[in-house]
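Novice: Those letters in the sequence shown? Residues 5 to 280, by my numbering.
Using N, Cα and C, we set each Cβ at its ideal position, and we do this for glycine too.
One structure is given below, represented as structure tokens, and several questions about it will come after.
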Amino acid sequence: PGIKIPSSINITSDIEKVMESPFLIIAIPSRYFRDIIKKMKNFYKGQPLLIGTKGLEIETGKRMSEIVEEEIGKVPLAIISGPTIAREIAKGFPAAAVVASKDKKIGENFQKILSCDNLRLYTNKDVAGVELGGALKNVIAIGAGIIDGLKLGTNTKASYITRGLKEMVRIGKILGGKEKTFWGLSGMGDLITTCFSPYSRNRSFGQAIVEVGKEEYLRKTKMAIEGIYTTKSIYKISKKMKIETPIIDAIYRIVFLNKEPKDEIKRLMRRRLKEE
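This is the structure:
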């Protein structure tokens, strides 16, 4: 709303026409991702593919790049992620993000194509880490919104985000990401934006759980809340792999078991004391 689409952009729902482009950018909700990849498979001509989806497949916990490889095979592929709230990017506010690809040349090509005065892109070869950072921060952002809804203040929020990032790193390393990636733009950078921005869908959803109720908010909103699906996926993964994730567990209980946020905060605060 309020953002005019440039006349140079052609809008179409014809997937065959889209496949005529010299390179492709896919930024669709994760729950539709595999279906779209299956549909484009017959028209795909091998051009470079950039994925902007920040989520995990709910049934399998797969990253988007893994889905592409399963459905199409190995293709020239990169991931873009970072603190990039769409409304701010559209308004031309300066921002930075990461393009991750195992192929250095592909990453650098997308970096050159998309970088401009308002968007500075860095390259990274840690595809798993960049994808996981973009997905996991959505779960933590739901909790940040709950804290906003409860009006618990900045000490609570800062403590929560810091410990949430710790869980992101813990999961990310076990699932194949590099720790240093989570301290960069696609990890900490995206986490900060998503936990504080009034335009963050996941933060807004968490706040709505407290203020109007989950069901009422979901009934009215037409936006994709990636954190809901990622919460379920990563909860299943953490339990299966015995990864300690008390914050993610709490978000899961609030979102899927309808537990009271205040009770879950008490549970977190009463955990066994230990070293940082």
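Which residue or residues does DSSP assign as beta-bridge partners of residue 128?
Specialist: Bridge partners of residue 128: 104.
Novice: Name the one or two DSSP bridge partners that residue 54 has.
Specialist: DSSP, once it has assigned bridges, lists 29, 82 as partnering residue 54.
Novice: Leaving out the 5 sequence neighbours to the left and right, which residues in its chain are closer than 7 angstroms to residue 217 when beta-carbon positions are compared?
Specialist: Counting only Cβ-Cβ distances below 7 angstroms, and skipping sequence neighbours, we find nothing.
Novice: Among 98, 153, 60, 19, which residue has its Cα nearest to the Cα of residue 176?
Specialist: The candidate whose alpha carbon is nearest that of residue 176 is 60.
Novice: For the region 130 to 150 and the region 184 to 192, state whether three or more C-beta atom pairs, one from each stretch, are separated by less than 8 angstroms.
Specialist: The region 130 to 150 vs the region 184 to 192: in contact.
Novice: Write down the C-beta distance between residue 149 and residue 211 rounded to the nearest angstrom, noting that I regard them as a contact closer than 8 angstroms.
Specialist: Confirmed, about 4 angstroms.
Novice: Does the beta-carbon of residue 7 have 16 or more other beta-carbons within 10 angstroms, so that it is buried, or is it exposed?
Specialist: Classification for residue 7: exposed.
Novice: Is any beta-carbon of chain B found at less than 7 angstroms from that of residue 131?
Specialist: Considering every chain present, this structure includes no chain B. It has just one protein chain.
Novice: Between the region 114 to 122 and the region 139 to 148, can you find at least three pairs of beta-carbon atoms closer than 8 angstroms?
Specialist: They do not touch, by the three-pair rule.
Novice: Can you tell me where the alpha helix (DSSP H) with residue 163 in it begins and where it stops?
Specialist: Residue 163 -> alpha helix (DSSP H) spans 157 to 178.
Novice: Confirm, please, whether the CB-CB distance from residue 169 to residue 195 is below 7 angstroms.
Specialist: Yes, the Cβ-Cβ distance between residue 195 and residue 169 is below 7 angstroms.
Novice: Using the C-alpha atoms, what's the distance from residue 22 back to residue 198?
Specialist: If I take the Cα positions, the gap works out to 30 angstroms.
Novice: Under DSSP, the alpha helix (DSSP H) around residue 183 begins and ends at which residues?
Specialist: Taken as a continuous stretch (DSSP letters only), the alpha helix (DSSP H) holding residue 183 covers 183 to 186.
Novice: Taking its Cβ as the centre, do 16 or more other Cβ atoms sit within 10 Å of residue 128, making it buried, or is it exposed?
Specialist: Classification for residue 128: buried.
Novice: Taking C-beta to C-beta, are residue 231 and residue 206 nearer than 7 angstroms?
Specialist: In contact: residue 231 and residue 206 (Cβ atoms closer than 7 angstroms).
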